[in-house]
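Q:
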Amino acid sequence: MGITEFQGNATYQFKNTEDYTLVFNGVTQPLPPGTSLSEGYNYWAIGAAASWAFPVRVTAGLEYRSEKLDFTPNNVFGASSSSTTYGRVWLRGNVGYDFKNSSAVTPFVAAEFAFPLTSSSVDYNQLVANNWDSLSKGVAPKSSYGLNFGVRF
Numbered sequence: 002m003g004i005t006e007f008q009g010n011a012t013y014q015f016k017n018t019e020d021y022t023l024v025f026n027g028v029t030q031p032l033p034p035g036t037s038l039s040e041g042y043n044y045w046a047i048g049a050a051a052s053w054a055f056p057v058r059v060t061a062g063l064e065y066r067s068e069k070l071d072f073t074p075n076n077v078f079g080a081s082s083s084s085t086t087y088g089r090v091w092l093r094g095n096v097g098y099d100f101k102n103s104s105a106v107t108p109f110v111a112a113e114f115a116f117p118l119t120s121s122s123v124d125y126n127q128l129v130a131n132n133w134d135s136l137s138k139g140v141a142p143k144s145s146y147g148l149n150f151g152v153r154f
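Counting in our numbering, the sequence shown runs from 2 upward without gaps.
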């Protein structure tokens, strides 16, 4: 094994939005014209990891993510917008390559993956009370993948 390095990370994921598609008994249900359901998602995270420099770099660690979930029904009768924060610990890892050079700054590229250690299911009984927190948490991401570029110093 190579030398073990320890690292910390701080991350901010800018907001992205996804539209919902309703499926009932396996059939996609169209929403009335002029209506839509969407959820915005962003988070900040802080974590720590161990990294090993083999011919490729392997990193594994944990991070706490404070995920902000914004549910937005547009022109849907009786539905109102809601926002909730979901704090979860994620297992995070990556495999990458360091472009060694003679300077103190080393460029790198890495493929990253992450999975939450806890997850929620949707409680459809909560929707009757116009409580969208259960739905938002139930459809929150169950995995995360990315491609990272950066420098180590």
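Note that the Cβ used here is the ideal one computed from N, Cα and C, for glycine as well.
Could you name each continuous beta strand (DSSP E) segment of 3 residues or more that falls completely within the segment 57 to 115, going from the start of the chain to the end?
A: List check, beta strand (DSSP E) in window: 58 to 75, 83 to 99.
Q: Just grab the DSSP bridge partners of Phe150 for me.
A: Val110, per the DSSP bridge assignment.
Q: Using only CA atoms, which one of Glu68, Asn75, Ala46 lies nearest to Gly35?
A: Gly35 has its Cα closest to that of Asn75, out of Glu68, Asn75, Ala46.
Q: I need the DSSP call for Gly35, collapsed to helix, strand or coil.
A: Coil.
Q: Using a Cβ-Cβ cutoff of less than 6 Å, which residues in the same chain neighbour Glu113 once the five nearest sequence positions on both sides are dropped?
A: Correct list, in chain order: Asn95, Gly147, Asn149.
Q: Take the Cβ of Pro33 as the centre, count every other Cβ of all protein chains shown within 10 Å, and call the residue buried at 16 or more, exposed below.
A: Answer is exposed; the Cβ neighbour count stays below 16.
Q: Can the beta-carbon of Ala141 be found less than 8 Å from the beta-carbon of Tyr98?
A: No, they are not a contact pair.
Q: Go ahead and pull the three-state DSSP assignment for Lys138.
A: Here Lys138 sits in helix by DSSP.
Q: I need the straight-line Cα distance from Phe109 to Ser81, nearest angstrom please.
A: Rounded to the nearest angstrom, the two C-alpha atoms are 45 Å apart.
Q: Near Asn10, what residues of its chain come up, given a Cβ to Cβ distance below 6 Å and the 5 sequence neighbours on each side ignored?
A: Within the same chain, Asn10 has close Cβ partners Gly48.
Q: Applying the 10 Å Cβ sphere with the 16-neighbour rule, what's the burial state of Thr60?
A: So Thr60 ends up on the buried side.
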